[in-house]
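Going letter by letter, the sequence shown gives residues -19 to -1, 1 to 299 in mature numbering (1 follows the signal peptide of the UniProt record, and there is no 0). Built from N, CA and C at the ideal position, the CB exists for glycine as well.
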Amino acid sequence: MFNWLTVLILLSIEIASNMLYHLTNLITKSINIKRNPNSNPEFLTVITKPLTERIVQLDKKAIESVAFGNASTDISLLKRYCSFKNESNNGTFIQVPDKYCSFLFAKVQWADWLIGLVLLIISIICLCLCLFLLVKILQSLLKGTVKSIIFKMVNANFPGMFKHLTPYLALLVGCILTILVQSSSIFTSTLTPLVGLGIITIERVYPFTLGSNIGTTITGIMAALTATSEKDLRNSLQIALCHTFFNIIGILIWFPIPFMRFPIPMAKNLGEIAAKYRWYVFGGVLGPIVLIIILVILINILQKYKPNFLPAPLRTWL
């Protein structure tokens, strides 16, 4: 709910004034930016990379070509060959594939979209299975006295007049942990079943989640600093800063003042509805996606046949 509420406010402001664009453009132009290829350190990736590379490998050069519009329509994003050899053709040496890469789909001659769909389905199944097992394990471990002790420790506040600083410490912890695992999804997905088991309150999860939002933007900034050229570096850094200021402004709106923490009661109400009507969960996730797809299709149709019906900025995607 935090993201939705922040988008509703900042999107309107951005359309009217380009506030985030001008702010981040001023910052990137006023600082001396230097590319640092080692600025995005690997933490959790060191553990997961050997496994993921056995499942799929992407051709970074092909992705760059697509991004810059230099690729043909039938280019594959999969890195199927890991070594090449030179062969002579009428006195000219050309590189030809020599050895397949050693991952699951290297020799599968499917279209990229089909392989992506299969991987998406497998990923969703693995995610649901992991969350299910996590909940079952926690349910078996956290019972009775153990659950009560952990509940008191996790949801405790600083003593006396310092109790109001506790949420800010939780925000900082969420930020640091997300930087370490380099994924807000991992952090928040771990917290979700803990709330369902009654181990941690929604009021305490809220600052953890906001801190996680900041942590993932810092990861984005570190990734932006690895860009290959100065122009790409400034553009990628500006986008990363837009993401950062989006979350900072949202936190300043929905967090410091207690009665402005509307995402908490809204999340509780949605949770009560989802507990009563299980189909609502799927509708809440798929509904906005379907609406956005329909909206984009309608805009494309209007751009082609009735452009005058659209506001000037929407008459073209350029």
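Would you call residue i buried or exposed, if buried means 16 or more other Cβ atoms sit within 10 Å of its Cβ?
| i | result |
| --- | --- |
| C107 | exposed |
| I103 | exposed |
| T73 | exposed |
| Y187 | buried |
| K60 | buried |
| S210 | exposed |
| S164 | buried |
| L155 | Note that residue 155 is Gly in the sequence shown here, rather than Leu. Label assigned to G155: buried. |
| Q120 | exposed |
| G231 | buried |
| Q38 | buried |
| F227 | buried |
| P148 | buried |
| F263 | exposed |
| T297 | exposed |
| L146 | exposed |
| T5 | buried |
| F143 | exposed |
| A208 | buried |
| A151 | buried |
| T29 | exposed |
| L175 | buried |
How is the alpha helix (DSSP H) around residue i delimited, first residue to last?
| i | result |
| --- | --- |
| T297 | Careful: T297 lies outside any alpha helix (DSSP H) and carries neither H nor E. |
| T147 | 147 to 162 |
| K42 | 41 to 48 |
| Q284 | 260 to 286 |
| M134 | 125 to 135 |
| L59 | Segment: none, L59 is in no alpha helix (DSSP H) and carries neither H nor E. |
| N216 | 211 to 235 |
| I105 | 93 to 122 |
| P246 | 244 to 257 |
| L(-9) | -18 to -3 |
Which two residues bound the contiguous beta strand (DSSP E) that contains residue i?
| i | result |
| --- | --- |
| I181 | It is not in any beta strand (DSSP E) - I181 carries neither H nor E in the DSSP assignment. |
| K80 | 73 to 81 |
Just tell me which of the options has its CA closest to the CA of residue i.
| i | options | result |
| --- | --- | --- |
| G196 | I167, R215, A43 | I167 |
| A92 | T173, S57, P188 | S57 |
| L7 | R215, H224, P244 | R215 |
| residue 353 | V271, E(-6), G268, D79 | Any property of residue 353 remains undetermined from this structure, which presents the chain solely from -19 to 299. |
| T126 | T29, I180, C82 | I180 |
| T171 | L153, E184, L150, S193 | S193 |
| I36 | M(-19), I96, S(-3) | I96 |
| V99 | L85, I220, L122 | L85 |
| C82 | I220, L175, E34 | E34 |
| A256 | G177, F189, D213 | G177 |
| V109 | S46, K212, T173 | It should be noted that the sequence gives Cys, not Val, for residue 109. C109 has its Cα closest to that of T173, out of S46, K212, T173. |
| E184 | S69, P239, F143 | P239 |
| N13 | I254, K212, Y62 | K212 |
| Y62 | P140, A204, Q90 | Q90 |
Would you grab the beta carbon distance between residue i and residue j for me? Rounded to a whole angstrom, and I think it's under 8 Å.
| i | j | result |
| --- | --- | --- |
| V77 | K66 | 6 Å |
| H224 | G201 | 6 Å |
| L206 | L218 | 7 Å |
| P244 | W235 | 6 Å |
| L283 | L291 | 5 Å |
| T182 | N136 | 5 Å |
| N169 | T190 | Note on residue identity: the sequence assigns Thr, not Asn, to residue 169. Sure, about 6 Å apart at Cβ, within 8 Å. |
| L295 | I273 | Wrong, their Cβ atoms sit about 14 Å apart, outside the cutoff. |
| M(-1) | A248 | Incorrect: roughly 27 Å between the Cβ atoms, too far for contact. |
| residue 370 | Y261 | Past the boundaries of the shown model lies residue 370; the chain is included only from -19 to 299, so the question cannot be answered. |
Evaluate contact between the region 115 to 131 and the region 144 to 163, counting only Cβ atoms and requiring at least three cross-stretch pairs below 8 Å. Touching, no.
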